[in-house]
Structures are given as C-alpha cells and as structure tokens.
Amino acid sequence: MSVFRKILYPFSLLYGVITSTRNYLFNIHVLKSTKFATPTIVVGNLSVGGTGKTPQIEYLIRLLQNDYKVAVLSRGYKRKSKGFLIADENATAESIGDEPFQYYQKFNDIIVCVDADRINGIKQLDSLKNRPDVILLDDAFQHRKVEGGFNILLTSFNDLYIDDFMLPTGNLRERVSGAERANIIVVTKCPSTLSDKEQFELTKKLNPTFYQTVFFTSIEYDNNLKGASVINLLEIENTDVLLITGIANPTPLLNYLKEKNIKFQHLKYPDHHSFNNNDLREINNRVANFKSKNSIVLTTEKDYVRIFEKINNLHFISIKTKFISHKIDFDNLIKKYVEQSSRDS
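Position one of the sequence shown corresponds to residue 0 (numbering that gives the first Met the number 0), numbered consecutively onward.
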C-alpha cells in the first residue's frame, strides 16, 4: 500500500460509514428493494478491480442455457448509449459496453441487455414476448434497489476482501460485513494446485456464515488464439509478440505466457480503456520496430471486442472459470435455486 493511500485513511472511515448506513437503511426497509418473480442471480464483488466476473457469468450461461432462456443484464460500463438497450446485429462495444458485447458475440441463444437502472431493465425483460426464465445481473452486488434471488460474491485469491480496506485507502466498495448478503462465495484466480488443506484454511479465514458455501476456481486459458486466424499458442514461441491489455489485473495472463515460454512486449492500459489514435499509433510503431517479419498482436477477449477493427493481425486469448473441486455442488446449488424459483413464480 502506498503512503498516499495510507494518508487517505480518514476518508476511508467516512466512506465506510456512508456505505454502511446505506446498507442498514436497506436492511430495515427504509430504503426499498424490489424483488421480482423471475429468478435473478447476482454476480459481483466487494472491491473494485478484476475478480473474474466475466468468466463467472459465462460459466453460468453455459450451465443454464440448454434448459432455460437466459438473459444477462449489465449497466454497460463506459457505453455511449443511454437507457435500456437489447443487443442486436447493430450492437457494438461502444453502444453496449465491452463485456455485454462479448457475451452477445459468444452466445447466440441468450438475451444481452444493458440498463444502469436495474429495476427498469428487469421490468423491460419481463415485458418481452419471449421473456427470459432467468436473469443474470452482472456486477450488481451493491445495487441494493434490486433484491437478488441468489447472490454470488467473488474475491481474488491474491486480493481477498478480508485483507482489504475501504476506498480510497484500499479497494473495498463497502465493509467486509457486506459479504453476509452472499449465498455463495467464490475465491477466483487460485493456483490450480490449491490443496484441500489450503482451501480449508482460506475458508476459515473468510469466516462464512452457516448458510454460505465457499468455492475455489482457477483460470483456464484456451491454447488456441483466435481472431485474425486460429493459432495454437505453441506456434508463437519464436514469434515477436506484442501483448495489449486494458484489464484491471493482467498479472495472471503475464505469468501464464511466461510459463509457456512466450516472449512478449507488454503495453498496459487502464481497465475498460478506450483506445484512441495515439494508442493505435503507439501499437503500430511497436509492431513496426520488431526485427522479425513474423509477429502478432495479442490481447484479451474483452479488449479484442473494442479494437478488432482497428489493428491488423490481432489475436485474443480467451479464458474460462474452472472449479478446483466441488463443481457439481456449485452447479446443483444454482440449478436448485432456478428450479425452485421457477416453480414458485
């Protein structure tokens, strides 16, 4: 933690009081939460930054899409449109946001929509002729105006919320006690070799309530790079690679490429970065300065949907959530909630 962040600690205390007061008012129903008949699964976190929400949403889509009509509702961070919008053939990363556009491109049989007002978004979905059977709310753990039917809280293995501080000293959006609203806690980005004993110790540290279950997942990278063409990762060992990232935490990807003996130059940009002409000029200059004519530009899937029309020979590496253990238990909890809620509604 930087000295500057430590100096801001009094503001963290104030921010904690404000968010705790807000949560308390929701808990005692002074502030209103709306509950919907349609099953709603909230995926979110307590902290800012990347905890793996996108691959977790994609995991839920794959789990449910064969049995239910699935909708994903996001606020569409940094989009250039307003209000409620359903993704269609005219959608772009600029119009609906990079993550929703990624969902739309990957999954043909789901509804992808955006609305900063989640209540309005759900009402609009419920009014559709082909209305969804289940709605996945992306990054809505702090959106208390909607009472989610099932809450999944994510926390990164190397940045557990239990060890963090409130903004601006740390990265927490609300106090650790907010974790009590979760039905499931998922520790993401774990080493794939995490032992049962280590999982047990981490679960004790998180100190879940009696009704909560803790799961552990790792990142699974696809060895086939997609985009301009399909290339196996092993084929670029002797290739000049320029890696571009505009995500919160690129460290796991950097480590993975190093483990695969991929030599690369890295241009790091802020999360959800909007690439401008100066950025594109810098990228092209880096590629032009490679000694070898055999070179590619590599990026993440989330970045790819923003810049695939702007950079030549661009490829992306996709990721999936992989449960280290108890995958079936997780799946059953989700399916049981959706089945039960569908019957009740």
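A virtual CB, placed ideally from N, CA and C, is assigned to each residue, including glycine.
In this text the structure is predicted, and so the values were computed from the model without any measurement.
Tell me, which residues are paired with residue i by DSSP?
i	result
V213	I184
V240	F263 and I295
L135	I40 and V71
Y220	I318
V304	Its beta-bridge partners do not exist; DSSP assigns none.
V145	T33
I85	C112
L171	S46 and M165
D158	S155
Looking at the unbroken beta strand (DSSP E) that takes in residue i, where does it start and where does it end?
i	result
V111	I110 to V113
F315	L313 to I316
S228	Segment: none, S228 is in no beta strand (DSSP E) and carries neither H nor E.
S340	Careful: S340 lies outside any beta strand (DSSP E), inside the alpha helix (DSSP H) at K326 to D343.
N150	F149 to S155
Since residue i and residue j should fall inside the 8 angstroms C-beta cutoff, what is the C-beta to C-beta distance between them, to a whole number of angstroms?
i	j	result
V286	L241	6 angstroms
G49	D270	7 angstroms
L356	S11	Examination of residue 356 is not possible in this model, given that the chain is present from 0 through 344 alone.
Y118	L72	Here residue 118 is Ile; the residue named in the question, Tyr, does not match the sequence. Contact flag wrong, Cβ pair sits at about 10 angstroms.
D383	F83	A query on residue 383 cannot be resolved here, the shown segment of the chain reaching from 0 to 344 and no further.
V296	I282	7 angstroms
D239	N284	Contact flag wrong, Cβ pair sits at about 14 angstroms.
D163	L171	5 angstroms
T244	T320	Not really, about 19 angstroms apart at Cβ, beyond 8 angstroms.
I246	T212	Not confirmed; about 28 angstroms, so no contact.
I323	L193	5 angstroms
R342	T168	Rounded, the Cβ-Cβ distance is 46 angstroms, inconsistent with contact.
Residue range of the alpha helix (DSSP H) that residue i falls in?
i	result
Y8	Y8 to N26
I60	K52 to L63
K122	R117 to D125
R280	N276 to A287
K203	D195 to L205
T250	T250 to E258
D270	Element bounds for D270: n/a, residue is neither H nor E.
Y103	D97 to K105
Shorter than 6 angstroms, the distance from the beta carbon of residue i to the closest heavy atom of the ligand FAD, or not?
i	result
T216	No copy of the ligand FAD appears in this structure; indeed no ligand is present at all.
* Determine contact between the segment 195 to 209 and the segment 261 to 280, defined as no fewer than three beta-carbon pairs at a distance below 8 angstroms. => In short, these stretches do not touch, since the Cβ pair count stays below three.
* Report yes or no: do the segment 36 to 44 and the segment 148 to 166 share at least 3 C-beta pairs separated by less than 8 angstroms? => yes
* Between the segment 227 to 242 and the segment 328 to 337, do three or more beta carbon pairs fall short of 8 angstroms? -> The segment 227 to 242 is not in contact with the segment 328 to 337.
* Asked: Okay, do the segment 131 to 145 and the segment 28 to 41 touch, 3+ Cβ pairs below 8 angstroms being the bar?
  -> The answer is yes - the segment 28 to 41 touches the segment 131 to 145, with three or more Cβ pairs under 8 angstroms.
* Segment contact flag, the segment 47 to 61 with the segment 176 to 194, C-beta cutoff 8 angstroms, min 3 pairs -> yes
* Can you find at least 3 beta carbon pairs, one from the segment 101 to 113 and one from the segment 7 to 23, that sit closer than 8 angstroms? -> Judged by Cβ distances under 8 angstroms, the segment 101 to 113 makes no contact with the segment 7 to 23, as fewer than three pairs qualify.
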